[in-house]
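Right, one structure below, let's go through it.
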Amino acid sequence: MDNDVLAYRVLLEKRKENAPFWEKKVLTVEEAAEYTGIGRTKIRQIIMKGDCPFAVTNGVQVCVIRDKFIDYLDKQFRI
9 MDNDVLAYRV LLEKRKENAP FWEKKVLTVE EAAEYTGIGR TKIRQIIMKG DCPFAVTNGV
69 QVCVIRDKFI DYLDKQFRI
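For any residue, its number in my numbering is found by taking its place in the sequence shown, counting from 1, and adding 8.
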């Protein structure tokens, strides 16, 4: 790859890492737990139930789409 492209890619990665998790569109399970106060284990249980509207996989890592997760939580009577 071109050096300029590589430098820009590194800059984008640093910017993504420095962003606070409440501004991110996609969160890790750990960030989602911190954001909502729900435990990581409980979030993973909800994801593993199947037909989860807010989870996507990024290779090996499971990611949570923040807006869809908040909508899901708003509709739940009990977690």
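Even glycine gets a Cβ: it sits at the ideal position worked out from N, Cα and C. Note that this is a predicted model, so its numbers are computed, not measured.
Nearest-angstrom Cα distance between residue i and residue j?
i	j	result
residue 36	residue 42	10 angstroms
residue 81	residue 56	16 angstroms
residue 44	residue 29	11 angstroms
residue 21	residue 58	31 angstroms
residue 31	residue 70	18 angstroms
residue 68	residue 11	29 angstroms
Which residues in the same chain have their Cβ closer than 7 angstroms to the Cβ of residue i, if we skip the five residues on either side of it in sequence?
i	result
residue 48	37, 38 and 41
Is residue i buried or exposed, if buried means 16 or more other CB atoms sit within 10 Å of its CB?
i	result
residue 51	buried
residue 85	exposed
By DSSP, does residue i sit in helix, in strand, or in coil?
i	result
residue 27	coil
residue 34	strand
residue 84	coil
residue 46	coil
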